Amino acid sequence: MTSLATSIGGRTFDNCMMNAAGIRCQNKKDLDALVASRAGAYVTKSATPQKRAGNPSPRMHTLPNKGSINSMGLPNNGLDYYLDYVVDDQHKRPDATNFLSVAGTSLEDNLAMLHQIQESEYHGFVELNLSCPNVPGKPQVGYDFDRVNEVLDEVFKFYTKPLGVKLPPYFDLVHFDQIAAILNQYPLTFVNSINSIGNALVVDPQTERVVIRPKGGFGGIGGASVKPTALANVRGLALRLKPEIAIVGTGGITTGVDVFEHILCGASMVQIGTQFGYEGTAIFDRLAEELKAIMNQKGYTNITEFRGKLKTFDD
Ligand code: HRO
64 MTSLATSIGG RTFDNCMMNA AGIRCQNKKD LDALVASRAG AYVTKSATPQ KRAGNPSPRM
124 HTLPNKGSIN SMGLPNNGLD YYLDYVVDDQ HKRPDATNFL SVAGTSLEDN LAMLHQIQES
184 EYHGFVELNL SCPNVPGKPQ VGYDFDRVNE VLDEVFKFYT KPLGVKLPPY FDLVHFDQIA
244 AILNQYPLTF VNSINSIGNA LVVDPQTERV VIRPKGGFGG IGGASVKPTA LANVRGLALR
304 LKPEIAIVGT GGITTGVDVF EHILCGASMV QIGTQFGYEG TAIFDRLAEE LKAIMNQKGY
364 TNITEFRGKL KTFDD
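The opening residue of the sequence shown carries number 64 in my numbering; numbering runs sequentially from there.
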């Protein structure tokens, strides 16, 4: 039997694939569909303390070759909505672990939300999003290393439940060294890499205009073309983080082979964003079959047999 099961922080998941935050997870109907699907877990749309409408439309645009650009601007139903959902789900399915994403637009908001979660009966994972590229006037925290340190310092003064951070992509090995040195100081359960490649610009030559309205057309790129950047970040972090911190790999997954590559680079769990948006929950059936097929071909029966075992020409 080929198993796609995985574990993070002592919690087990029968499938190592799930949605990425923001994609088909904003309301109860979407989340119920994820629960009913073959995904190993779900993550809820990044929450702010209060409900937000997000940026004006058009704010997401499909790109050729399985890509997307978005500047949603954190539309969400507010923390209470998602916390109620995950606590209710926890009552129904006490053995299942899921992910509650939070993305305050200030340190104070993040701390207030984490205090509320700490005091609640929720005991699943929290994904602290330090990498939303699309809130006008709010830079991505993940690119300000001192600020990341300050945030985690404040958070771990009181937060004792399993916590991970969602990071932006980094593009220099020195930045991998610097962020890993900071993350390794804290009892993080996981890091999720990568968020969309922020502040890209897509131009429509016909109309001679940008394709999304917010921020003059600047937005985050997701989908197939970000896979090499995602794999580099997963691998770069896997080589530097302490073994207690698991890696959730996100970015550019459209096939089971892409999942295989993320795991080879060191991911314990993978998240699917853009392509899940295009295909819906049936994608988890397809990817599971495709991953099993490549594992069978290679004689692997579970993902720990190849996780992190990417070879280089120096091996
Ligand atoms: O809502 C968004 O615009 C958004 C968020 Cl929070 C994020 O983390 N990543 C992204 O591509 N879009």
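The C-beta atom is built at its ideal place from N, Cα and C for all residues, glycine as well. A quick note: this is a predicted structure, and the numbers were derived from the prediction, not measured.
> So, M80 versus L327, is the Cβ gap smaller than 9 angstroms?
Replying inline: As a first step, residue 80 is located in the sequence shown; it is residue number 17 there, counting from the start. As a first step, residue 327 is located in the sequence shown; it is residue number 264 there, counting from the start. Contact flag unset, no.
>> Can you determine whether any heavy atom of the ligand HRO sits closer than 8 angstroms to the C-beta of K229, and answer yes or no?
In response: Against the sequence shown, residue 229 aligns to sequence position 166. Yes, the Cβ of K229 comes within 8 angstroms of a heavy atom of the ligand HRO.
>> Quick check on the DSSP output: what are the complete alpha helix (DSSP H) runs of length 4 or more inside the region 331-362, in order along the chain?
In response: 337-342, 345-361
>> Looking only at its chain, what residues have a beta carbon closer than 8 angstroms to the beta carbon of Y185, apart from the 5 residues adjacent to it on each side?
In response: One-based indexing of the sequence shown puts residue 185 at position 122. Only L146, V149, V150, Q153, L163, K224 meet the Cβ criterion.
>> By the DSSP assignment, the alpha helix (DSSP H) with F323 in it spans what residues?
In response: Stepping through the sequence shown from its first residue, residue 323 is reached at position 260. Element bounds for F323: 319-328.
>> Which of the three DSSP states is assigned to K290 in this structure?
In response: Translated into positions along the sequence shown, residue 290 becomes position 227. Here K290 sits in helix by DSSP.
> Where does Q360 land, buried or exposed, given buried means 16+ other C-beta within 10 angstroms?
Replying inline: Translated into positions along the sequence shown, residue 360 becomes position 297. Answer is exposed; the Cβ neighbour count stays below 16.
> Which ranges would you report for the beta strand (DSSP E) in the region 97-163 if only whole runs of at least 3 residues count?
Replying inline: Segments of the beta strand (DSSP E) lying fully in the region 97-163: 123-126, 130-133.
> With a CB to CB cut of under 7 angstroms and the five nearest residues on each side skipped, what residues in its chain are close to N20?
Replying inline: Outside the displayed range of the chain (64 to 378) lies residue 20, so it cannot be described from this structure.
>> Rounded to the nearest angstrom, what separates F65 and T364 at their Cα positions?
In response: For the purposes of this step, residue 65 is identified with residue 2 of the sequence shown, where counting begins at 1. For the purposes of this step, residue 364 is identified with residue 301 of the sequence shown, where counting begins at 1. Note that residue 65 is Thr in the sequence shown, not Phe. One C-alpha to the other measures close to 4 angstroms.
>> DSSP three-state label for K224, please.
In response: Within the sequence shown, the letter at position 161 stands for residue 224. In this structure, K224 counts as coil in the three-state DSSP scheme.
> Does DSSP put N453 in a helix, in a strand, or in coil?
Replying inline: Any question about residue 453 goes unanswered here, given that the chain covers just 64 to 378.
>> One question on the structure: do A309 and T252 come within less than 9 angstroms of each other, judged by their Cβ atoms?
In response: As a working note, residue 309 is residue 246 in the sequence shown. As a working note, residue 252 is residue 189 in the sequence shown. Their beta carbons are under 9 angstroms apart, which means A309 touches T252 by this criterion.
> Going straight from the alpha carbon of V106 to that of I357, what length do you get?
Replying inline: Translated into the one-based positions of the sequence shown, residue 106 becomes position 43. Translated into the one-based positions of the sequence shown, residue 357 becomes position 294. Rounded to the nearest angstrom, the two C-alpha atoms are 26 angstroms apart.
> Given a threshold of 16 other Cβ atoms within 10 Å of its Cβ, counted over all protein chains shown, does T125 qualify as buried or as exposed?
Replying inline: Indexing the sequence shown from 1 puts residue 125 at position 62. Classification of T125: exposed, given that the 10 Å Cβ count is below 16.
> How far does the beta strand (DSSP E) with F253 in it reach, from first residue to last?
Replying inline: As a working mapping, residue 253 is identified with position 190 in the sequence shown. Its beta strand (DSSP E) spans residues 253-256.
> If N258 and P231 are in contact, beta carbons under 8 angstroms, what's the gap, nearest whole angstrom?
Replying inline: Translated into positions along the sequence shown, residue 258 becomes position 195. Translated into positions along the sequence shown, residue 231 becomes position 168. 5 angstroms between Cβ atoms; contact.
> Going straight from the alpha carbon of Q41 to that of N140, what length do you get?
Replying inline: Nothing can be reported for residue 41, as the shown portion of the chain is limited to 64 through 378.
> Does DSSP put D216 in a helix, a strand or coil?
Replying inline: Within the sequence shown, residue 216 is the residue found at index 153, counting from 1. In this structure, D216 counts as helix in the three-state DSSP scheme.
> Is the Cβ-Cβ distance between H178 and F221 less than 9 angstroms?
Replying inline: On the sequence shown, residue 178 is found 115 positions in, with the first residue counted as 1. On the sequence shown, residue 221 is found 158 positions in, with the first residue counted as 1. H178 places its beta carbon less than 9 angstroms from that of F221.
>> Looking at the ligand HRO, does it come within less than 8 angstroms of N140, judged from the CB to the closest heavy atom?
In response: Residue 140 sits at position 77 when you count from the first residue of the sequence shown. No, Cβ of N140 sits at least 8 angstroms from all heavy atoms of the ligand HRO.
> In this structure, does DSSP put M80 in helix, strand or coil?
Replying inline: In the sequence shown, residue 80 corresponds to position 17, counting from 1. Of the three classes helix, strand and coil, the one that applies to M80 here is strand, per DSSP.
> Among residues of its own chain, excluding the 5 on either side of I284, which ones have a beta-carbon nearer than 6 angstroms to its beta-carbon?
Replying inline: Counted from its first residue, the sequence shown places residue 284 at position 221. Closer than 6 angstroms at the Cβ level, and outside the excluded window around I284, lie I132, S259, I260, A263.
> In terms of DSSP beta bridges, what is S66 paired with?
Replying inline: As a working note, residue 66 is residue 3 in the sequence shown. Paired residue(s): none; S66 is not in a bridge.
> By Cβ distance below 7 angstroms, which residues in the same chain neighbour D172 in space, the five residues on each side in sequence not counted?
Replying inline: What you label residue 172 is simply residue 109 of the sequence shown in a count that begins at 1. T111, P112, listed in sequence order.
> Relative to the C-alpha of I242, which residue among V273, H325, N296, K92 is closest?
Replying inline: Counting from one through the sequence shown, the residue named residue 242 turns up at place 179. Closest option to I242, Cα to Cα, is N296.
> Per DSSP, E182 forms a beta bridge with which residues?
Replying inline: In the sequence shown, counting from the first residue as 1, residue 182 sits at position 119. None, per the DSSP bridge assignment.
>> I'd like to know if the region 333-350 and the region 85-100 are in contact, where contact means that at least 3 CB-CB pairs between them fall below 8 angstroms.
In response: yes
>> Given the structure, does M135 come close to the ligand HRO, in the sense that its CB is under 8 angstroms from one of the ligand's heavy atoms?
In response: Walking along the sequence shown from the start, residue 135 turns up at place 72. Because some heavy atom of the ligand HRO lies under 8 angstroms away, the Cβ of M135 counts as near it: yes.
> By Cβ distance, which residues of its chain are closer than 8 angstroms to E213, with the 5 residues on each side in sequence left out?
Replying inline: Numbered from its first residue, the sequence shown carries residue 213 at position 150. Result list for E213: L170, in chain order.
> From F347, F339, L354, pick the residue whose C-alpha is nearest to that of H325; which is it?
Replying inline: For the purposes of this step, residue 325 is identified with residue 262 of the sequence shown, where counting begins at 1. Checked all of F347, F339, L354; the closest Cα to H325 is L354.
> Anyone know if the C-beta pair for G299 and Y233 falls short of 9 angstroms?
Replying inline: Stepping through the sequence shown from its first residue, residue 299 is reached at position 236. Stepping through the sequence shown from its first residue, residue 233 is reached at position 170. Contact: yes.
>> DSSP has L264 in a bridge; who is on the other side?
In response: To locate residue 264, count along the sequence shown from 1; it is residue 201. For L264, which the question treats as bridged, DSSP gives the partners F281.
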